[in-house]
């Protein structure tokens, strides 16, 4: 089925890919705020790249530090989109076992994926926060613009933490879906 023809996965508790969260105030707010950040940052990257190339080729005067600005913006873009992609479970996946495990096996596989993903994100969140503390303590900055690196690391850690919360919520929904099936 074409993605545009599929129903919104948030309207149901279980989707073909796994579990989904109900539409609620928190998910709407998360989508709006992070979606706006992603859109603005993407436009900034596009505009900055256009202006940098234009200035470079027409005036032989590239924008000073443009590559550093784009790197910062890419980190903000990726980590701002991370919770949104996780919320919709739109990560790139390889299903070698799809259809071979049966209903219970697929449920266990989905639970395993959610738990391993949550563990990996917990480690990533902790490591980014630790790196932020080290960067702050050592006052490390970018080479050209001398922007401090610690705030970016803290931002990435915070958004990885938001993604972790989304994954924990998806795991809880996945577990409660089994209980609801047993009760029915």
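In the working numbering, the protein residues as written are 2 to 185. We put the CB at the ideal spot given by N, CA and C, even for glycine.
Separation of residue j from residue i, as counted between CA atoms
| i | j | result |
| --- | --- | --- |
| residue 131 | residue 155 | 9 Å |
| residue 187 | residue 161 | Past the edges of the chain, shown from 2 to 185, lies residue 187, and the structure says nothing about it. |
| residue 181 | residue 172 | 14 Å |
| residue 91 | residue 53 | 33 Å |
| residue 61 | residue 68 | 16 Å |
| residue 147 | residue 117 | 37 Å |
| residue 16 | residue 159 | Reliability of the predicted coordinates at residue 16 is poor, the pLDDT of 45 falling under 50, and no value is obtained from them. |
| residue 83 | residue 164 | 7 Å |
| residue 119 | residue 166 | 9 Å |
| residue 129 | residue 37 | 24 Å |
| residue 105 | residue 175 | 12 Å |
| residue 153 | residue 40 | 18 Å |
| residue 170 | residue 58 | 50 Å |
| residue 48 | residue 177 | 46 Å |
| residue 2 | residue 127 | Residue placement at residue 2 is flagged as unreliable, the pLDDT there being 38, under the threshold of 50; the coordinate-derived value follows with that caveat. The straight-line gap from Cα to Cα measures roughly 39 Å. |
| residue 96 | residue 141 | 42 Å |
8 Å contact criterion, which residue i and residue j should meet: CB distance rounded
| i | j | result |
| --- | --- | --- |
| residue 115 | residue 168 | 6 Å |
| residue 56 | residue 64 | 6 Å |
| residue 28 | residue 88 | 6 Å |
| residue 179 | residue 108 | 7 Å |
DSSP bridge partner residues for residue i (one or two, in chain order)
| i | result |
| --- | --- |
| residue 149 | 142 |
Beta-carbon proximity check, residue i vs residue j, cutoff 8 Å
| i | j | result |
| --- | --- | --- |
| residue 110 | residue 122 | no |
| residue 35 | residue 78 | no |
| residue 136 | residue 143 | no |
| residue 80 | residue 157 | yes |
| residue 145 | residue 66 | yes |
| residue 71 | residue 46 | yes |
key: Minimum length 4: unbroken alpha helix (DSSP H) runs contained in the stretch 60 to 145   = 67 to 89, 103 to 139
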